[in-house]
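> Residue numbers (the UniProt record's numbering), protein chains in the order written: chain A, 1 to 214; chain B, 1 to 214; chain C, 1 to 214; chain D, 1 to 214.
This is the structure I have questions about; it appears just below.
Protein chains: 4
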Amino acid sequence: MGAVKSKRMPRAVREQQMMDAAVRTFGQRGYRAASMDEIAELAGVSKPLVYLYLNSKEELFSACIRREANALLEAVRAGVEPGLPADGQLWAGLRAFFLHTAENPDGWSVLHRQARSHGEPFVSELGSMRDEIVAFVTGLIGAAAREAHRDPALADRDVVGLAQALVGAAESLAGWANDTPDVSAKEAAATLMNFAWAGLENLMHARPWQPPAA
Amino acid sequence: MGAVKSKRMPRAVREQQMMDAAVRTFGQRGYRAASMDEIAELAGVSKPLVYLYLNSKEELFSACIRREANALLEAVRAGVEPGLPADGQLWAGLRAFFLHTAENPDGWSVLHRQARSHGEPFVSELGSMRDEIVAFVTGLIGAAAREAHRDPALADRDVVGLAQALVGAAESLAGWANDTPDVSAKEAAATLMNFAWAGLENLMHARPWQPPAA
Amino acid sequence: MGAVKSKRMPRAVREQQMMDAAVRTFGQRGYRAASMDEIAELAGVSKPLVYLYLNSKEELFSACIRREANALLEAVRAGVEPGLPADGQLWAGLRAFFLHTAENPDGWSVLHRQARSHGEPFVSELGSMRDEIVAFVTGLIGAAAREAHRDPALADRDVVGLAQALVGAAESLAGWANDTPDVSAKEAAATLMNFAWAGLENLMHARPWQPPAA
Amino acid sequence: MGAVKSKRMPRAVREQQMMDAAVRTFGQRGYRAASMDEIAELAGVSKPLVYLYLNSKEELFSACIRREANALLEAVRAGVEPGLPADGQLWAGLRAFFLHTAENPDGWSVLHRQARSHGEPFVSELGSMRDEIVAFVTGLIGAAAREAHRDPALADRDVVGLAQALVGAAESLAGWANDTPDVSAKEAAATLMNFAWAGLENLMHARPWQPPAA
DNA sequence: GATGAATGAGACTTCATTCAT
DNA sequence: AATGAATGAAGTCTCATTCAT
Numbered sequence: 001m002g003a004v005k006s007k008r009m010p011r012a013v014r015e016q017q018m019m020d021a022a023v024r025t026f027g028q029r030g031y032r033a034a035s036m037d038e039i040a041e042l043a044g045v046s047k048p049l050v051y052l053y054l055n056s057k058e059e060l061f062s063a064c065i066r067r068e069a070n071a072l073l074e075a076v077r078a079g080v081e082p083g084l085p086a087d088g089q090l091w092a093g094l095r096a097f098f099l100h101t102a103e104n105p106d107g108w109s110v111l112h113r114q115a116r117s118h119g120e121p122f123v124s125e126l127g128s129m130r131d132e133i134v135a136f137v138t139g140l141i142g143a144a145a146r147e148a149h150r151d152p153a154l155a156d157r158d159v160v161g162l163a164q165a166l167v168g169a170a171e172s173l174a175g176w177a178n179d180t181p182d183v184s185a186k187e188a189a190a191t192l193m194n195f196a197w198a199g200l201e202n203l204m205h206a207r208p209w210q211p212p213a214a
Numbered sequence: 001m002g003a004v005k006s007k008r009m010p011r012a013v014r015e016q017q018m019m020d021a022a023v024r025t026f027g028q029r030g031y032r033a034a035s036m037d038e039i040a041e042l043a044g045v046s047k048p049l050v051y052l053y054l055n056s057k058e059e060l061f062s063a064c065i066r067r068e069a070n071a072l073l074e075a076v077r078a079g080v081e082p083g084l085p086a087d088g089q090l091w092a093g094l095r096a097f098f099l100h101t102a103e104n105p106d107g108w109s110v111l112h113r114q115a116r117s118h119g120e121p122f123v124s125e126l127g128s129m130r131d132e133i134v135a136f137v138t139g140l141i142g143a144a145a146r147e148a149h150r151d152p153a154l155a156d157r158d159v160v161g162l163a164q165a166l167v168g169a170a171e172s173l174a175g176w177a178n179d180t181p182d183v184s185a186k187e188a189a190a191t192l193m194n195f196a197w198a199g200l201e202n203l204m205h206a207r208p209w210q211p212p213a214a
Numbered sequence: 001m002g003a004v005k006s007k008r009m010p011r012a013v014r015e016q017q018m019m020d021a022a023v024r025t026f027g028q029r030g031y032r033a034a035s036m037d038e039i040a041e042l043a044g045v046s047k048p049l050v051y052l053y054l055n056s057k058e059e060l061f062s063a064c065i066r067r068e069a070n071a072l073l074e075a076v077r078a079g080v081e082p083g084l085p086a087d088g089q090l091w092a093g094l095r096a097f098f099l100h101t102a103e104n105p106d107g108w109s110v111l112h113r114q115a116r117s118h119g120e121p122f123v124s125e126l127g128s129m130r131d132e133i134v135a136f137v138t139g140l141i142g143a144a145a146r147e148a149h150r151d152p153a154l155a156d157r158d159v160v161g162l163a164q165a166l167v168g169a170a171e172s173l174a175g176w177a178n179d180t181p182d183v184s185a186k187e188a189a190a191t192l193m194n195f196a197w198a199g200l201e202n203l204m205h206a207r208p209w210q211p212p213a214a
Numbered sequence: 001m002g003a004v005k006s007k008r009m010p011r012a013v014r015e016q017q018m019m020d021a022a023v024r025t026f027g028q029r030g031y032r033a034a035s036m037d038e039i040a041e042l043a044g045v046s047k048p049l050v051y052l053y054l055n056s057k058e059e060l061f062s063a064c065i066r067r068e069a070n071a072l073l074e075a076v077r078a079g080v081e082p083g084l085p086a087d088g089q090l091w092a093g094l095r096a097f098f099l100h101t102a103e104n105p106d107g108w109s110v111l112h113r114q115a116r117s118h119g120e121p122f123v124s125e126l127g128s129m130r131d132e133i134v135a136f137v138t139g140l141i142g143a144a145a146r147e148a149h150r151d152p153a154l155a156d157r158d159v160v161g162l163a164q165a166l167v168g169a170a171e172s173l174a175g176w177a178n179d180t181p182d183v184s185a186k187e188a189a190a191t192l193m194n195f196a197w198a199g200l201e202n203l204m205h206a207r208p209w210q211p212p213a214a
């Protein structure tokens with residue numbers, strides 16, 4: 001007994017340990033550079049056990065993508081309170097997104113860097129998750145548009161493009177904030193919210209968006 | 001007819017053929033999955049010749065990153081006409097950017113997907129090119145602010161933050177546009193220009209930015 | 001009958017088989033000319049197993065040097081009986097040395113021919129073993145000097161120099177005896193004993209050292 | 001004109017430049033590790049020229065062995081003055097040997113380390129040269145024996161063994177003197193002469209050989 | 001007399017995966 | 001539930017050597 005090297009754990013627990021190790025390894029080394037040896041060692045089990053539970057490197061990676069995608073989605077959903085006005089919801093969603101990715105850098109690396117870089121079947125795997133995020137954002141923006149009585153409605157494709165732009169901007173700012181001393185994560189988030197909500201023109205004319213008194 | 005298998009070419013020409021093949025292979029397969037065998041065959045030469053001229057897989061990949069990064073930078077610079085007003089310059093730059101990435105999907109894949117996913121030294125290699133783009137965009141936004149006599153002036157740090165956000169959004173959209181059939185470069189540029197210039201709120205209220213009659 | 005192709009052996013046994021094969025191959029072909037393929041085949045295993053257990057060609061060669069050096073050292077130590085007079089001890093040590101090198105020609109080739117010819121880190125590896133032999137011989141000569149009440153006493157440095165000369169002569173003669181058919185280990189030992197003990201001048205005057213009636 | 005990069009040299013001169021480069025490279029890197037590329041570059045010519053003049057790596061190495069063996073032989077012969085008594089001749093020969101090998105470390109490495117370590121045809125190549133050295137030493141020792149009216153004469157095989165022992169002792173002492181601070185080459189030579197001429201027993205009883213007043 | 005261009009063959013090494021217990 | 005033993009296949013890289021000028 002003791003966490004040093006417990007044997008004979010129930011399957012579900014062992015599987016999670018393996019996936020933890022896999023996410024960490026894939027996230028840091030990349031899909032191809034990660035070796036099953038390293039994953040098994042990090043998980044504290046033998047290699048055949050990894051194969052017994054997860055079948056192959058490919059399936060293991062797919063499982064990682066699914067797990068991390070769902071976790072991210074849940075985090076964003078949980079961060080948004082349905083009753084708020086549109087800008088408040090967006091602000092809350094972005095904060096949740098930033099928080100989750102900062103706390104799970106390996107998982108985020110798996111989703112953002114690795115899953116896109118290694119072709120099928122991983123791109124498809126990621127696709128279905130992105131569809132869910134887009135649907136969620138679409139809902140948000142759609143609600144905002146109705147709130148503003150926008151007419152005619154934004155096309156779905158435009159919404160997807162906007163979501164892509166938002167995520168890209170968020171990633172870029174996160175990296176910049178990380179690499180630049182004395183730029184806080186909150187400042188970065190505010191910059192993004194301004195950029196996204198008010199647009200450059202409004203910023204040029206000194207009409208920024210104001211964060212809600214939180 | 002055509003260069004079926006020309007032999008004894010001068011070194012400079014052969015090197016470009018090899019780099020073409022390498023960009024294509026790296027862009028489609030990824031850095032690790034691409035094999036030197038495949039690159040050599042696609043270039044129509046033997047493997048030792050690739051090593052003789054380009055030394056190693058790592059150096060070859062670095063050379064690809066540099067070549068593609070410079071080409072992209074030149075394309076954007078060439079697309080912007082200095083005399084225009086700020087939004088016109090931004091619009092021109094974005095069009096040039098999305099056009100170039102659409103016309104060089106493998107080169108863009110090398111920069112956006114592969115160089116980021118395979119650790120040092122490639123990330124640094126890419127970083128310096130990205131810094132140049134960010135500096136360029138920073139200049140543009142600063143000019144726009146002066147043009148608008150914004151008061152109080154935007155802090156330098158805010159300008160850089162906005163430029164980071166814009167560049168990140170552009171990168172993300174370019175990947176999306178490349179991966180999504182029937183999204184044209186011009187549409188992507190318009191989506192981003194709207195997003196950046198008008199901001200989401202204006203979009204919600206059906207007050208988008210209008211492209212200049214070109 | 002015989003160990004045609006025994007599978008699933010414990011690691012320690014397999015490692016010895018591999019080292020046997022490696023010593024033989026290195027000794028006959030040389031470090032560079034020996035291929036890991038040949039070693040694996042001679043050991044009756046696949047190449048990856050050799051790497052799994054012994055890591056690299058360099059480490060494998062180093063391990064061979066250490067094993068053979070220790071075996072030789074032990075053989076010489078075991079051959080010398082502490083109670084004898086000085087010339088008897090020297091004679092016994094030389095006999096053991098030449099016998100061992102004659103019985104392990106590949107091991108001796110690894111030590112004498114290959115380890116010296118392929119630079120660091122092998123030369124150092126061998127150096128420490130050689131230092132042990134020299135120290136051993138130094139002790140022997142020192143004992144002989146005390147036994148003879150030599151006065152004035154030999155300087156320590158002179159003793160080490162003599163030991164170096166003796167060891168070098170032995171190494172060289174062993175190589176020669178191994179390469180020359182019909183020169184027995186005992187003859188080689190006698191030649192060296194005469195040379196070392198009586199000196200050329202005494203040989204010239206037909207006053208050789210006499211082996212003890214064994 | 002000038003030694004920087006003279007072109008169109010007569011064949012004999014070019015060949016010597018190549019052999020110089022080859023001896024240096026083979027001596028330092030070893031036969032296998034030396035590459036024709038490195039040799040050609042060090043010689044300041046293109047690789048095809050090396051092949052044009054010297055045909056193959058194997059022939060080039062053989063030619064190096066022959067050249068260096070002859071040079072060593074000549075040096076020793078030139079060092080010995082025929083009229084001297086036996087110990088004086090030996091002393092002179094050893095000095096010439098030490099001097100030549102110290103001044104031509106790469107050539108000595110080719111003969112002593114590399115030629116023996118890489119099998120046929122090099123071992124044979126070296127063999128004929130060793131035969132000449134042995135004949136020379138045999139003559140010397142034979143003269144000494146006649147001088148001493150030794151009877152019965154030493155067998156040829158014994159002479160070869162003694163020569164081997166001498167050379168081995170010399171090499172070992174040379175290495176030791178090089179690695180040990182404040183042991184001069186001359187001291188090493190004296191130690192060897194004592195060891196060889198007087199023998200350990202005489203040394204034990206304080207009857208060393210005396211170097212001739214030079 | 002001399003060389004830039006080019007390659008077939010083979011080396012070391014790694015990895016995903018399975019077998020037998 | 002778990003693992004020590006083992007390998008087929010593939011990858012990066014080097015080298016002696018030749019061809020065409």
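From the three backbone atoms N, C-alpha and C, an ideal C-beta is built for every residue, glycine too.
Can you round the beta-carbon distance between Tyr51(B) and Arg11(B) to whole angstroms, since I take them to be within the 8 angstroms contact cut?
Numbered from 1 along the second sequence, position 51 holds the residue referred to as residue 51(B). Numbered from 1 along the second sequence, position 11 holds the residue referred to as residue 11(B). With 8 angstroms as the limit, Tyr51(B) and Arg11(B) do not qualify as a contact, their Cβ atoms being about 14 angstroms apart.
> What span of residues does the alpha helix (DSSP H) with residue 236(C) cover, start to end?
Outside the shown range of chain C (1 to 214) lies residue 236(C), about which nothing can therefore be said.
> Quick one: Cα of Arg113(B) to Cα of Ala170(B), how far?
For the purposes of this step, residue 113(B) is taken as residue 113 along the second sequence, with counting starting at 1. For the purposes of this step, residue 170(B) is taken as residue 170 along the second sequence, with counting starting at 1. Going from the Cα of Arg113(B) to the Cα of Ala170(B) covers about 14 angstroms.
> For Thr191(D), would you say it is in contact with chain C, using Cβ-to-Cβ distances shorter than 8 angstroms as the test?
Against the fourth sequence, residue 191(D) aligns to sequence position 191. It does: the Cβ of Thr191(D) has a partner Cβ on chain C nearer than 8 angstroms.
> By DSSP, does Ser184(A) sit in helix, in strand, or in coil?
Translated into positions along the first sequence, residue 184(A) becomes position 184. DSSP places Ser184(A) in coil when its eight states are reduced to three.
> Would you verify that the beta carbon of Gly2(B) is, or is not, closer than 8 angstroms to some beta carbon of chain A?
Translated into the one-based positions of the second sequence, residue 2(B) becomes position 2. Unreliable positioning characterises Gly2(B) in this predicted model, as indicated by a pLDDT of 37, which lies under 50. A coordinate reading is not provided.
> Within 8 angstroms of any Cβ in chain B, is that where the Cβ of Ala169(A) sits?
The sequence position of residue 169(A) within the first sequence is 169, counting from 1. With 8 angstroms as the cut-off, Ala169(A) counts as an interface residue toward chain B.
> Thinking C-alpha only, which one of Phe122(A), Ala96(A) and Gln16(A) is nearest Ala185(A)?
Translated into positions along the first sequence, residue 185(A) becomes position 185. Comparing Cα-Cα distances from Ala185(A) to each of Phe122(A), Ala96(A) and Gln16(A), the minimum goes to Ala96(A).
> Taking 8 angstroms as the CB-CB cut-off, is Ala22(A) touching chain B?
For this step, residue 22(A) is matched to residue 22 along the first sequence. By this cut-off, Ala22(A) is not an interface position.
> Anything in chain B within Cβ reach of Ser117(A), meaning under 7 angstroms, just list it in chain order.
The sequence position of residue 117(A) within the first sequence is 117, counting from 1. Here the neighbours are Gly30, Arg113, Gln114 and Ser117.
> Are the CB atoms of Pro105(D) and Gly27(D) nearer to each other than 8 angstroms?
The residue given as residue 105(D) occupies position 105 in the fourth sequence. The residue given as residue 27(D) occupies position 27 in the fourth sequence. Going by C-beta atoms, Pro105(D) is nearer than 8 angstroms to Gly27(D).
> Determine the chain B residues that contact Val183(A) at a beta-carbon separation under 8 angstroms, and present them in chain order.
Your numbering for residue 183(A) matches position 183 in the first sequence. What Val183(A) touches in chain B: Arg157 and Gly161.
> List the endpoints of the continuous alpha helix (DSSP H) containing His112(B).
Your numbering for residue 112(B) matches position 112 in the second sequence. Counting along the chain, His112(B) falls outside any alpha helix (DSSP H), and DSSP gives it neither H nor E.
> Cα-Cα, which of Trp91(B), Ala196(B), Ala155(B) and Arg130(B) is closest to residue 229(B)?
The shown model of chain B, from 1 to 214, leaves out residue 229(B), and the question about it has no answer.
> Would you identify the three-state DSSP class for Arg32(A), choosing helix, strand or coil?
Start at 1 with the first residue of the first sequence, and residue 32(A) comes out as number 32. Looking at Arg32(A) - three-state DSSP - the assignment turns out to be coil, as it is neither helix nor strand.
> Starting from the N-terminal side, write out each stretch of the alpha helix (DSSP H) that is 4 residues or longer and does not extend beyond the UniProt domain "HTH tetR-type" (12 to 72) of chain D.
You should have 36 to 43 and 47 to 54.
> Spatial neighbours of Arg67(B) within its chain, please: CB distance less than 7 angstroms, with the 5 preceding and 5 following residues excluded, ordered by chain position.
Indexing the second sequence from 1 puts residue 67(B) at position 67. Excluding residues within five positions, the ones whose Cβ falls inside 7 angstroms are Met19.
> In angstroms with no decimal places, state the Cα-to-Cα distance between Trp108(B) and Trp108(D).
Stepping through the second sequence from its first residue, residue 108(B) is reached at position 108. Stepping through the fourth sequence from its first residue, residue 108(D) is reached at position 108. Computed Cα separation, rounded: 58 angstroms.
> Which residues, in order along the UniProt domain "HTH tetR-type" (12 to 72) of chain A, keep a beta-carbon less than 9 angstroms from a beta-carbon of chain B?
Within the UniProt domain "HTH tetR-type" (12 to 72) of chain A, the qualifying residues are Gln28, Arg29, Gly30, Tyr31, Arg32 and Ala33.
> To the nearest angstrom, report how far apart Ala71(D) and Ser128(B) are at their CA atoms.
Within the fourth sequence, the letter at position 71 stands for residue 71(D). Within the second sequence, the letter at position 128 stands for residue 128(B). Cα to Cα, Ala71(D) sits roughly 59 angstroms from Ser128(B).
> State the start and end residues of the unbroken alpha helix (DSSP H) segment that holds His100(A).
For this step, residue 100(A) is matched to residue 100 along the first sequence. Taken as a continuous stretch (DSSP letters only), the alpha helix (DSSP H) holding His100(A) covers Ala86 to Glu103.
> Say whether chain B places a C-beta atom closer than 8 angstroms to the C-beta of Met9(A).
Reading the first sequence from its first residue, position 9 is the one you call residue 9(A). It does not: the Cβ of Met9(A) has no partner Cβ on chain B nearer than 8 angstroms.
> Could you tell me whether the Cβ of Ser124(C) comes closer than 8 angstroms to any Cβ of chain D?
Numbered from its first residue, the third sequence carries residue 124(C) at position 124. Output row for Ser124(C): interface = no.
> With a CB to CB cut of under 7 angstroms and the five nearest residues on each side skipped, what residues in its chain are close to Lys5(D)?
Against the fourth sequence, residue 5(D) aligns to sequence position 5. Summary for Lys5(D): the model assigns pLDDT 48, below 50, so the residue's position carries little reliability; its value from the coordinates is reported in the next sentence. Once the five neighbours on either side are set aside, the close Cβ partners of Lys5(D) are Gly44.
> Which same chain residues end up closer than 6 angstroms to Ala102(B) when comparing Cβ atoms and leaving out the 5 residues on each side of it in sequence?
Indexing the second sequence from 1 puts residue 102(B) at position 102. Within the same chain, Ala102(B) has close Cβ partners Ala185.
> Taking only three categories from DSSP, how would you classify Leu154(C)?
In the third sequence, counting from the first residue as 1, residue 154(C) sits at position 154. Residue state, collapsed to three classes: coil.
> Excluding the 5 residues preceding and the 5 following Thr180(C) in the sequence, name in chain order all residues of the same chain whose CB lies nearer than 6 angstroms to its CB.
Position 180 of the third sequence, counted from the first residue, corresponds to residue 180(C). Cβ within range, chain order: n/a, list empty.
> State the DSSP-derived secondary structure class of Ala148(B), mapped to helix, strand or coil.
By 1-based counting over the second sequence, the position of residue 148(B) is 148. Reduced to three states, the DSSP call for Ala148(B) is coil.
> In this structure, how does DSSP classify Phe122(C) when only helix, strand and coil are distinguished?
In the third sequence, residue 122(C) corresponds to position 122, counting from 1. The answer is helix: DSSP assigns Phe122(C) an H, G or I state.
> Run through DSSP, which three-state label would Ala139(A) get?
In the first sequence, residue 139(A) corresponds to position 139, counting from 1. Contrary to the premise, residue 139(A) reads as Gly rather than Ala in this sequence. Three-state result, Gly139(A): helix.
> Would you mind stating whether Trp197(D) and Leu90(D) have Cβ atoms separated by less than 8 angstroms?
Locating residue 197(D) in the fourth sequence gives position 197, counting from the first residue. Locating residue 90(D) in the fourth sequence gives position 90, counting from the first residue. The answer is yes: Cβ separation under 8 angstroms.
> Kindly list the residues whose CB is nearer than 6 angstroms to the CB of Glu125(D), restricted to its own chain and excluding five residues on each side of it in sequence; keep chain order.
Along the fourth sequence, one-based indexing puts residue 125(D) at 125. Excluding sequence neighbours, Glu125(D) sits near Ser62 and Ile65.
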